[in-house]
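The opening position of the sequence shown corresponds to residue 1 in this note's numbering, with each subsequent residue numbered one higher. Where a beta carbon is used, it is the ideal one built from N, C-alpha and C, also for glycine. These figures come from a predicted structure and were not determined experimentally. Notes to accompany the following structure.
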Amino acid sequence: MLELANALGPRLARLVRVLIQEAGGLSRTQLSVLATLRDGPRRVTELAESERVAQPSMTALVSRLERAGWVTRGADPSDGRVVNVAITPAGIETLDRHTAARAAALAKRLEALAPEERDALAAALPALDKLIDA
């Protein structure tokens with residue numbers, strides 16, 4: 001099992017990096033933060049924890065996203081001392097555009113595979129779902 005894990009993990013990570021790069025413009029962390037914020041506002045500390053980065057790094061990333069117009073910061077309605085980060089309509093549009101570009105890049109790569117290779121990948125999807133949910 002360890003041999004399979006050592007072979008599969010890096011390949012999946014590399015595929016994700018390649019697709020994000022081909023879609024252009026945003027880092028994996030920027031995309032992940034925008035996707036998280038799509039579910040609702042979060043504190044910077046919550047975002048840092050979910051991305052496993054230091055709070056100052058997340059603060060800098062949020063500042064870049066804010067300058068781009070993709071997020072805003074505002075007081076928490078239930079506790080005015082707390083600052084929440086929220087995605088803007090422009091941020092949602094950017095996330096959607098990037099998601100579509102990433103899907104198109106993957107579709108192009110899938111088209112280059114032989115039908116049997118695509119079938120093998122399709123057959124592996126339930127196993128990948130189990131790995132994700134484990």
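Less than 7 Å between C-beta atoms, sequence neighbours within five positions excluded: which residues of the same chain meet that for residue i?
| i | result |
| --- | --- |
| T36 | R42, L47 and S50 |
| E66 | T72 and R73 |
| R38 | I87, I92 and L95 |
Alpha carbon to alpha carbon, how far is residue j from residue i? Give it in angstroms, no decimals.
| i | j | result |
| --- | --- | --- |
| G40 | L26 | 20 Å |
| L4 | R52 | 26 Å |
| L128 | L121 | 10 Å |
| V16 | A103 | 11 Å |
| S78 | A134 | 35 Å |
| I20 | P115 | 25 Å |
| A123 | E117 | 10 Å |
| R106 | E22 | In the sequence as displayed, the identity of residue 106 is Leu instead of Arg. Going from the Cα of L106 to the Cα of E22 covers about 9 Å. |
| A90 | L2 | 43 Å |
Using DSSP's beta-bridge definition, name the partner residues of residue i.
| i | result |
| --- | --- |
| R42 | V85 |
Once the 5 residues before and after residue i are set aside, which same chain residues still bring their CB inside 8 Å of it?
| i | result |
| --- | --- |
| A62 | Note that residue 62 is Val in the sequence shown here, rather than Ala. Taken in chain order, the residues that qualify are V33, V44, L47, V71, R73 and V85. |
Please go through the same chain and pick out, in chain order, the residues whose beta-carbon is closer than 6 Å to the beta-carbon of residue i, but skip the five residues on each side of it.
| i | result |
| --- | --- |
| L141 | Look at the range of the chain in this structure, 1 to 134, and you will see that residue 141 is not part of it. |
Three CB pairs or more closer than 8 Å across the segment 70-80 and the segment 99-110: no
The segment 79-87 touching the segment 1-15, judged by at least three CB pairs closer than 8 Å: no
Complete alpha helix (DSSP H) runs within the segment 52-112 (minimum length 4 residues, chain order): 55-67 and 89-111
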